[in-house]
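Here it is in structure tokens:
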């Protein structure tokens, strides 16, 4: 079984300041980990993906995440927030099980608010 | 390359009616997943299908919900005799293969927002 805990339901930052969205996971198998972003009334867009290659993963729009196995964490960061980053962010785990397929388990989401 | 298409984008039904949600996967993708997003919650897996086969429906409610992915045409999620608690956003995702870790990225459609009056 797998689960995802996003530690903050809301994060508020000022434009130009760093962003940190926290995520902890548990998985019975060596997982793939993802961050997706959802803008209001829109679908989900893949930001980045970890699949056991480099532990520091770079994504789109300046976001990156670091996989830390010892801490079972996969926190999302960005050095400088932009107003357009305001959205809901989902941390997602997918176990690389032997069943031949994977289904995604989503965290409850973190709403990022960016003020001018 | 067109992304995952879902229609309708918004659907309003009265209690007791049927809702049919459609999903066309990305070109070249033969694996479809349906997820439901209830208000202020993350997405929850419902069902995973390949062409003409339901592979995993462990997240589907036992009654009133069904899904199919025919040989030709889109995948359909059907909800019979809708109730107010079915109001949610329903997202479809597709992937090129089932779950090999290098190709298990799922690409999501824009969702169908179902409102039951």
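Chains as they are written, first to last, in our numbering: chain S, 1173 to 1288; chain Z, 1093 to 1209. Glycine included, every Cβ here is placed at the ideal spot set by N, Cα and C.
- By a beta-carbon distance limit of 8 Å, residue 1277 of chain S contacts residue 1176 of chain S. Their separation comes to about 6 Å.
- Within chain Z, the residues placing a beta-carbon under 7 Å from that of residue 1280 of chain S are 1133, 1134, ordered along the chain.
- Identification of chain Z residues near residue 1214 of chain S by a Cβ-Cβ cut-off of 9 Å yields 1202, 1203, ordered along the chain.
- Under DSSP, residue 1177 of chain S forms a beta bridge with S:1196.
- Interface flag for residue 1140 of chain Z against chain S is set, since a Cβ pair is found closer than 8 Å.
- Contact annotation: in the segment 1197-1223 of chain S, residues whose CB is within less than 7 Å of a CB in chain Z are 1204, 1214, 1215, 1216, 1218, 1221, 1223.
- Taking the Cβ atoms as the reference, residue 1195 of chain S lies roughly 11 Å from residue 1281 of chain S, outside the contact range of under 8 Å.
- Taking the Cβ atoms as the reference, residue 1166 of chain Z lies roughly 5 Å from residue 1116 of chain Z, within the contact range of under 8 Å.
- Annotation for residue 1217 of chain S: the continuous beta strand (DSSP E) segment containing it runs 1216-1222.
- Looking at S:1197, S:1287, S:1178, S:1235, the one whose alpha-carbon comes closest to that of residue 1241 of chain S is S:1197.
- Interface criterion met: the Cβ of residue 1276 of chain S is under 8 Å from a Cβ in chain Z.
- Taking the C-beta atoms as reference points, residue 1098 of chain Z is found nearer than 8 Å to residue 1203 of chain Z.
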